[in-house]
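Engineer: Before anything else, here's the structure in question.
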Amino acid sequence: MVSSKVKDVFSTKFKSINKDDPLSAGLSIHKKESTPVLVVLNNKGNYAGVIAHRWIVRSRYDPATTKVESLMRSAPTVTLEDSLSKVAKLMITSRISQLPVFSGEKLVGIVTDDAVIHGAVIGKWGNTKVNELMTKKPFLVEEDESVGAVLSLFREHGISHAPVVRNGSLVGIVSIQNIITSIFQPRQSQTVGDMSGEKAPVLSIPIRGIMTKPVITVLPETTLKDAVEKMRKFDITSLIVISKGRPAGILTKRDLLEPLAEMEMPKQRITVQFSVKGVEVADIQRGVIMNDFEIFSRKYQKTLETGTLFVYMKTHGTNYKGQQLIHGRLQFRTRRGSFFSSSEGYGVEATFRTALDRLERQLLRSQELAHEPEYAKKYLKRIEFPSTEF
């Protein structure tokens, strides 16, 4: 359990911008200060919201003529006495890495994901080994893969980082941020040169031209405290976990925030936490999803005892007969390990059910449940194995 509170880790120093300023002013501040999120103030100097650098970069607005107010969002607020677990939960739900801290009605500072993570690992939790939290068997990309192929991989599986290999050996790491800053942020050009200086369509550029190298790595037995310190030292958001000279896992900030958020959940049961972006979820849809989750929870409550299902959903803005094209990603953290699945489809319920079905298939064929006869039989039935064989 993490005992630290917001008052132990927050900062009274933060960068702000006026809601009527152009987006270009926000880009300028980020370039000078490298701050991912800015506090937005109204004309009276009072808190109005936040704006993230990535929102500006990914928007199609003209930064010179568009006001900050058009992209700013209302962020969850926290108090000095709130637990770091609660803050982690709010960051995951809102997808905002920097939250405003209030004392009564007064804005007194901000708390960042880096501060929350660092505050959590300085205690006993920091002695946890990396292999207990890392995402195992990460998707690997060859250095000659195109930017377009990597973007498709990121979109399909809801991930933001991938190790880059050459003949199986680690040579770099690529993130969505690499792609944004190297490809899409320079709006003045539609093409950029590849490694040899030739012009090529941006999505055809080999990933080796924008990947980060050398790669900062850790071992599976490295403690979270040491891993986080490495992240802080090199100012990075992920670490590749190496075993026997090969990539065995990846540890990201989200891998650290999720178990922290779990500490805020009720104990001795399987819980669910949603994080949606641009997805409209009606009450009746939410009811259907929760019913599916309750059925799933009852199936595995006895064996898994506790766990948290993190549901990430975002829309790609395409509609078909009134239905949103939605990408869903599930991450199920349990005492017996972590399980992942993803899906893409039209409609909230269908996307969730497909992802949940894929997750259940992973559970039933996992080593963690391999010696449970009840679940072994369920898996064989799911894959339509002849019943006479068991």
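If you read the sequence shown in this note's numbering, its first letter stands for residue 538, the second for the next number, and so on. Note that CB positions come from ideal geometry on N, CA and C, so glycine has one too.
1) Return the bridge partner residues of LEU776 from the DSSP annotation.
2) Tell me, please, whether the CB atom of MET827 is closer than 9 Å to any CB atom in chain B?
3) Would you call the CB atoms of VAL818 and VAL667 closer than 9 Å?
4) Can you list, in chain order, the residues of its chain with a C-beta nearer than 7 Å to that of ALA562? Leave out the 5 residues immediately preceding and following it.
5) Work out the CA separation of ILE659 and LYS762 for me, nearest whole Å.
6) Of all the options LEU756, SER631, GLY746 and ASN664, which has the alpha carbon lying nearest to the alpha carbon of GLU679?
7) What does DSSP give as the partner residues of LYS666 in its beta bridges?
8) Please state if the CB of VAL848 and the CB of SER812 are separated by a distance shorter than 9 Å.
9) Could you tell me if ASN715 is buried or exposed, where buried requires 16 or more neighbouring beta carbons within 10 angstroms of its beta carbon?
10) Give the DSSP bridge partners of PRO637, in chain order.
11) So, with DSSP's three-state summary, where would you put ASN715?
12) Going by DSSP, what residues sit across from VAL577 in a beta bridge?
13) Which stretch, first to last residue, makes up the alpha helix (DSSP H) that contains ARG692?
14) Out of ALA764, THR672 and PRO796, which one is the CA nearest neighbour of HIS698?
15) Output needed for TYR598: all residues of its chain with C-beta closer than 6 Å, excluding positions within five of it in sequence on either side, in chain order.
16) From the DSSP output, in three-state form, read off PHE889 for me.
17) Mind checking who GLN810 pairs with in its DSSP beta bridge?
18) Run through the DSSP bridge pairs and tell me what LYS604 is partnered with.
19) Measuring CA to CA, which of SER611, VAL605, THR616 and VAL653 is closest to ALA625?
20) Around the C-beta of ARG1015, are 16 or more other C-beta atoms found within 10 angstroms, so that it is buried, or is it exposed?
21) For ARG632, report the span of its beta strand (DSSP E) as first-last.
22) Expressed to the nearest angstrom, what Euclidean distance is found between the alpha-carbon atoms of VAL605 and LYS781?
23) Report the residue from PHE676, LYS550 and LEU793 whose alpha carbon sits nearest the alpha carbon of ASP651.
24) Hey, is the segment 819-830 in contact with the segment 632-643, meaning 3+ C-beta pairs nearer than 8 Å?
25) Considering only residues of the same chain and omitting the five flanking positions on each side of LYS623, which have a CB-CB separation below 8 Å?
Structural biologist: A quick look at the data gives this:
1) For this step, residue 776 is matched to residue 239 along the sequence shown. Note: LEU776 sits in a beta bridge opposite LEU788.
2) This model lacks chain B altogether; it includes just one protein chain.
3) Against the sequence shown, residue 818 aligns to sequence position 281. Against the sequence shown, residue 667 aligns to sequence position 130. Taking 9 Å as the Cβ cut-off, VAL818 and VAL667 do not qualify as a contacting pair.
4) Translated into positions along the sequence shown, residue 562 becomes position 25. Closer than 7 Å at the Cβ level, and outside the excluded window around ALA562, lie ILE554.
5) On the sequence shown, residue 762 is found 225 positions in, with the first residue counted as 1. On the sequence shown, residue 659 is found 122 positions in, with the first residue counted as 1. Roughly 6 Å separates the two Cα atoms.
6) For the purposes of this step, residue 679 is taken as residue 142 along the sequence shown, with counting starting at 1. Of the candidates LEU756, SER631, GLY746 and ASN664, the one whose C-alpha sits nearest the C-alpha of GLU679 is GLY746.
7) To locate residue 666, count along the sequence shown from 1; it is residue 129. Answer is THR760.
8) In the sequence shown, counting from the first residue as 1, residue 812 sits at position 275. In the sequence shown, counting from the first residue as 1, residue 848 sits at position 311. Against a cut-off of 9 Å, the Cβ pair of VAL848 and SER812 comes out as a contact.
9) The count along the sequence shown starts at 1 and reaches residue 715 at position 178. Buried.
10) Reading the sequence shown from its first residue, position 100 is the one you call residue 637. Bridge partners of PRO637: ILE647.
11) As a working note, residue 715 is residue 178 in the sequence shown. In this structure, ASN715 counts as helix in the three-state DSSP scheme.
12) Taking the sequence shown and counting its residues from 1, the one referred to as residue 577 is at position 40. Answer by DSSP bridge pairing, in chain order: ILE554 and GLY586.
13) Here residue 692 refers to the residue found at position 155 of the sequence shown. Looking at the DSSP string, the run of the alpha helix (DSSP H) that includes ARG692 is 684-694.
14) Numbered from 1 along the sequence shown, position 161 holds the residue referred to as residue 698. Closest by alpha carbon: THR672.
15) As a position in the sequence shown, residue 598 is number 61, starting the count at 1. Here the set comprises nothing.
16) Stepping through the sequence shown from its first residue, residue 889 is reached at position 352. PHE889: helix per DSSP, three-state reduction.
17) Counted from its first residue, the sequence shown places residue 810 at position 273. Answer is PHE847, bridged to GLN810.
18) Your numbering for residue 604 matches position 67 in the sequence shown. Per DSSP, PRO559.
19) In the sequence shown, residue 625 corresponds to position 88, counting from 1. The candidate whose alpha carbon is nearest that of ALA625 is VAL653.
20) Residue 1015 is absent from the model: the chain starts at 538 and stops at 927.
21) Indexing the sequence shown from 1 puts residue 632 at position 95. No beta strand (DSSP E) contains ARG632, which DSSP labels as neither H nor E.
22) Position 68 of the sequence shown, counted from the first residue, corresponds to residue 605. Position 244 of the sequence shown, counted from the first residue, corresponds to residue 781. If I take the Cα positions, the gap works out to 49 Å.
23) Residue 651 sits at position 114 when you count from the first residue of the sequence shown. Out of PHE676, LYS550 and LEU793, LEU793 has the C-alpha closest to the C-alpha of ASP651.
24) no
25) Numbered from 1 along the sequence shown, position 86 holds the residue referred to as residue 623. So the qualifying residues of the chain are VAL615 and GLU801.
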